[in-house]
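Q: What follows is a structure written as structure tokens; I'll ask about it next.
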């Protein structure tokens, strides 16, 4: 039961849970004492047994004062109970959210490739909220209800076993109805939580792809998709509410029947002299108080059912194991020179779908390796294996002779700078985005990196300069501007190994020329892997590796591969020849014209 497993989150707060337990006991004791005080007031303050009142007024005064004191004590401890249960519930929710976020950050690409963003967000929001309700209301407040229920049932037996049997006769029916509701609600709540995840996913996709939706005039289609998921969620939620709506009057009816039966049997006992009217009054008051825990019992079962469903979905994340694991005692990668070797490397997302096979690359420090090939040939997969975004399934990759699986992941990735083709920028300032991987960098270092990526002049032309806020995912910037910020972000790390995933594909020719000149200087002494689509990038490479269907089919320098008249020659004729002809016809780029090109791109 996930509801039991979730209780482990209470362990860090043992002291407050103990204080809450004391408040629960004190509050329950105050509630239980009230019927006894009323019984005492009737028996000694009125004592009307049919022969006229024989009680004393002073006992009524004492009883009234005692009732006021009991109410005050109950109010004080009820406040402590409510405050502590809410505090602990919120802290547990805080801990779970942080655990989920931390786990998601540590899971490898392989996990995220299979998950939907909206569904994952639903688990970190709605599911965690369901757990918070379970802890605060189902467990902590529920313990008060359960304690009150047990204490009153025992007191009823002590006061009158005959009347207790009358009440207890209705208990099996109440337990049966509560159990039926729990078993019915658990799968319903599971489907409701899944529905919330699907709804969040549709909403997230529609908002993220808002421009695509509008470009293709698919607003109505997206609205229908959302309406379908919302309708399914409505039906499931309605059915859940229907189950509870049917159960509530049945429980109330059973309780009224128990009250009527108790009053009838109690009246007979009073008439026979087996019970005084004060005791009967107290018993009926206990029966009235008992309504709260019994009626709340069904609600608590519902909360537990929902927590079970939410807990199952939450623990699917928490129990997920990353496909990329750091070995115990892994070494730090210190002062790397950047000698990278792929030795008979193979990789597949599963056993049935090999992506790479028998990849051998020997990239020495200072060398530039260009990866080329048709879409789906495995270029991006090759570079994603170096920072261990995925782990090889065969062979090994070494840096300076050490298998990367024997290195600490943090130190490995600190030595590798990646500029991805699909640039992601955060909703933060220009400075924060550039310094994302080097938060301790000075303003001067940030500006030097921006100058190297030829984005400094553009930033300085903005009203707030480096403090200008970047829109969500960098939506306020052009593709070229985003790529230059990404290049600056990577260069600021000063990595020994560079991975450039077609990093100049979205810039104009003049800006590309300037960036390439800077990159040539920055690549000096660093091992660089480039997924290339530009002729300049290809020509500067010390080795060009041509991939097809996950294997290396050609390798060499530009002129050598052209002479072989193989696959590279086909790529050149289809994609690169036009660039060479355009470059040959292009006039030299002077400093003034280059600066204008950067500012305007």
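Residue numbers (our numbering): 1491 to 2091.
C-beta atoms are modelled at their ideal positions from N, C-alpha and C, and glycine is treated no differently.
Please read all numbers here as calculations on a predicted model, not as lab measurements.
(1) Does the beta-carbon of residue 1666 have 16 or more other beta-carbons within 10 angstroms, so that it is buried, or is it exposed?
(2) Run the CB neighbour count on residue 1610, radius 10 Å, all protein chains shown included, and call it buried at 16 or more, exposed below.
(3) Buried or exposed, going by whether 16 or more other CB atoms sit within 10 Å of the CB of residue 1592?
(4) Please name the residue, chosen from 1753, 1758, 1882, that lies closest to residue 1815 on a Cα-to-Cα basis.
(5) Kindly indicate which residue of 1709, 1923, 1865, 1898 has the alpha-carbon position closest to the one of residue 2065.
(6) Please determine if the segment 1853-1871 and the segment 1803-1814 are in contact, where contact requires at least 3 C-beta pairs separated by less than 8 angstroms.
(7) Write down every uninterrupted run of the alpha helix (DSSP H) in the segment 1931-1974 whose length is 4 residues or greater and which is fully enclosed by it, in chain order.
(8) How about residue 1836 and residue 1885: do their beta carbons lie closer than 8 angstroms?
(9) Out of 2031, 2057, 2040, 2061, state which residue places its alpha-carbon closest to the alpha-carbon of residue 2047.
(10) For residue 1844, which beta-bridge partners are listed by DSSP?
(11) Return helix, strand or coil for residue 1918, following the three-state DSSP convention.
(12) Which residues in the same chain have their Cβ closer than 8 angstroms to the Cβ of residue 1949, if we skip the five residues on either side of it in sequence?
(13) Based on Cα-Cα distance, which residue from 1668, 1701, 1670, 1717 lies nearest to residue 1690?
(14) If you run the structure through DSSP and keep just helix, strand and coil, what is residue 2045?
(15) Note down the Cα distance separating residue 1557 from residue 1531, rounded to an integer number of angstroms.
(16) Hey, residue 1679 and residue 1730 are a contact pair by Cβ (cut 8 angstroms); roughly how many whole angstroms apart?
(17) Considering only DSSP beta bridges, list what residue 1831 is partnered with.
(18) Please tell me whether, using a cut-off of 7 angstroms, the distance from the CB of residue 1756 to the nearest non-hydrogen atom of the ligand NAD is below it.
(19) Under 8 angstroms between C-beta atoms, does residue 1954 make it to chain B?
(20) Look at the alpha carbon of residue 1693 and the alpha carbon of residue 1619, and state the distance between them as a whole number of angstroms.
(21) List, from N- to C-terminal side, the alpha helix (DSSP H) runs of 4 residues or more that fit wholly inside the segment 1706-1794.
(22) Going straight from the alpha carbon of residue 1655 to that of residue 1740, what length do you get?
(23) Here's the rule I'm using: 16 or more other beta-carbon atoms within 10 Å means buried, otherwise exposed. How should residue 1542 be labelled?
(24) Within 10 angstroms of its Cβ, does residue 1773 collect 16 or more other Cβ (buried), or is it exposed?
(25) Just reading off the beta strand (DSSP E) that residue 2033 is part of, what are its end residues?
(26) Is DSSP giving residue 1883 helix, strand or coil here?
(27) Roughly how many angstroms lie between the CA atoms of residue 1947 and residue 1937, to the nearest whole one?
(28) Let's see if you can read the secondary structure: which residues bound the beta strand (DSSP E) around residue 1860?
(29) Short of 7 angstroms in beta carbon distance, which residues of its chain neighbour residue 2061, apart from the five on each side in sequence? Order them along the chain.
(30) Going straight from the alpha carbon of residue 1630 to that of residue 1502, what length do you get?
(31) Looking at the strands, I want to know which residues DSSP matches up with residue 1897.
(32) Near residue 1856, which residues of its chain fall below 6 angstroms by C-beta distance, leaving aside the five closest residues on each side in sequence?
(33) Going by DSSP in three states, residue 1657 sits in which element: helix, strand or coil?
(34) On the three-state DSSP scale, how would you describe residue 1991?
(35) What is the rounded straight-line gap between the Cα of residue 1553 and the Cα of residue 1562?
(36) How about residue 1599 and residue 1810: do their beta carbons lie closer than 8 angstroms?
A: This is what the structure holds:
(1) Indexing the chain shown from 1 puts residue 1666 at position 176. Burial call: exposed.
(2) The residue given as residue 1610 occupies position 120 in the chain shown. Burial call: buried.
(3) Here residue 1592 refers to the residue found at position 102 when the chain shown is read from its first residue. By the 10 Å Cβ count, residue 1592 comes out exposed.
(4) On the chain shown, position 325 is the one that residue 1815 refers to. The residue with the shortest Cα to Cα distance from residue 1815 is 1882.
(5) Against the chain shown, residue 2065 aligns to sequence position 575. Closest by alpha carbon: 1865.
(6) no
(7) 1933-1942, 1946-1950
(8) If you number the chain shown from 1, residue 1836 lands on position 346. If you number the chain shown from 1, residue 1885 lands on position 395. Against a cut-off of 8 angstroms, the Cβ pair of residue 1885 and residue 1836 comes out as a contact.
(9) For the purposes of this step, residue 2047 is taken as residue 557 along the chain shown, with counting starting at 1. Selected option, being the one with the closest Cα: 2031.
(10) Here residue 1844 refers to the residue found at position 354 of the chain shown. According to DSSP, residue 1844 bridges with 1838.
(11) The residue labelled residue 1918 in the question sits at position 428 within the chain shown. Correct three-state label for residue 1918: coil.
(12) For the purposes of this step, residue 1949 is taken as residue 459 along the chain shown, with counting starting at 1. Answer for residue 1949: 1920, 1940, 1955, 1956, 1958, listed in chain order.
(13) Counting from one through the chain shown, the residue named residue 1690 turns up at place 200. Out of 1668, 1701, 1670, 1717, 1717 has the C-alpha closest to the C-alpha of residue 1690.
(14) Looking up residue 2045 in the chain shown gives position 555. Strand, per DSSP.
(15) Here residue 1557 is taken as the residue at index 67 of the chain shown, counted from 1. Here residue 1531 is taken as the residue at index 41 of the chain shown, counted from 1. Rounded to the nearest angstrom, the two C-alpha atoms are 10 angstroms apart.
(16) Locating residue 1679 in the chain shown gives position 189, counting from the first residue. Locating residue 1730 in the chain shown gives position 240, counting from the first residue. Correct: roughly 7 angstroms between the Cβ atoms.
(17) By one-based count along the chain shown, residue 1831 stands at place 341. Paired residue(s): 1852, 1888.
(18) Looking at this structure, you won't find the ligand NAD or any other ligand, since it has none at all.
(19) Within the model displayed, chain B is absent; a lone protein chain is all it includes.
(20) Counting from 1 along the chain shown, the entry for residue 1693 is found at position 203. Counting from 1 along the chain shown, the entry for residue 1619 is found at position 129. One C-alpha to the other measures close to 20 angstroms.
(21) 1709-1761
(22) Position 165 of the chain shown, counting from 1, holds the residue named residue 1655. Position 250 of the chain shown, counting from 1, holds the residue named residue 1740. Answer to the nearest angstrom: the Cα atoms are 20 angstroms apart.
(23) Working through the chain shown from its first residue, we reach residue 1542 at position 52. With a pLDDT of 45 at residue 1542, under the threshold of 50, the predicted position of this residue should be treated as unreliable, though the coordinate-derived value follows. Burial call: exposed.
(24) Your numbering for residue 1773 matches position 283 in the chain shown. Counting Cβ neighbours within 10 Å, residue 1773 comes out buried, since at least 16 surround it.
(25) Position 543 of the chain shown holds residue 2033. Looking at the DSSP string, the run of the beta strand (DSSP E) that includes residue 2033 is 2033-2038.
(26) For the purposes of this step, residue 1883 is taken as residue 393 along the chain shown, with counting starting at 1. In the structure shown, residue 1883 sits in coil (DSSP, three-state: anything other than H, G, I, E or B).
(27) Working through the chain shown from its first residue, we reach residue 1947 at position 457. Working through the chain shown from its first residue, we reach residue 1937 at position 447. Distance between the alpha carbons of residue 1947 and residue 1937 is about 10 angstroms.
(28) The sequence position of residue 1860 within the chain shown is 370, counting from 1. Where residue 1860 is concerned, the enclosing beta strand (DSSP E) stretches over 1858-1862.
(29) Translated into the one-based positions of the chain shown, residue 2061 becomes position 571. Cβ within range, chain order: 1862.
(30) For the purposes of this step, residue 1630 is taken as residue 140 along the chain shown, with counting starting at 1. For the purposes of this step, residue 1502 is taken as residue 12 along the chain shown, with counting starting at 1. Distance between the alpha carbons of residue 1630 and residue 1502: 15 angstroms.
(31) Walking along the chain shown from the start, residue 1897 turns up at place 407. Beta-bridge pairing links residue 1897 to 1821.
(32) As a working note, residue 1856 is residue 366 in the chain shown. Cβ within range, chain order: 2015.
(33) Taking the first residue of the chain shown as position 1, residue 1657 is located at position 167. Looking at residue 1657 - three-state DSSP - the assignment turns out to be helix.
(34) Here the question's residue 1991 lines up with position 501 in the chain shown. DSSP places residue 1991 in strand when its eight states are reduced to three.
(35) Within the chain shown, the letter at position 63 stands for residue 1553. Within the chain shown, the letter at position 72 stands for residue 1562. Computed Cα separation, rounded: 14 angstroms.
(36) Counting from one through the chain shown, the residue named residue 1599 turns up at place 109. Counting from one through the chain shown, the residue named residue 1810 turns up at place 320. Cβ distance not < 8 angstroms, so residue 1599 and residue 1810 don't count as in contact.
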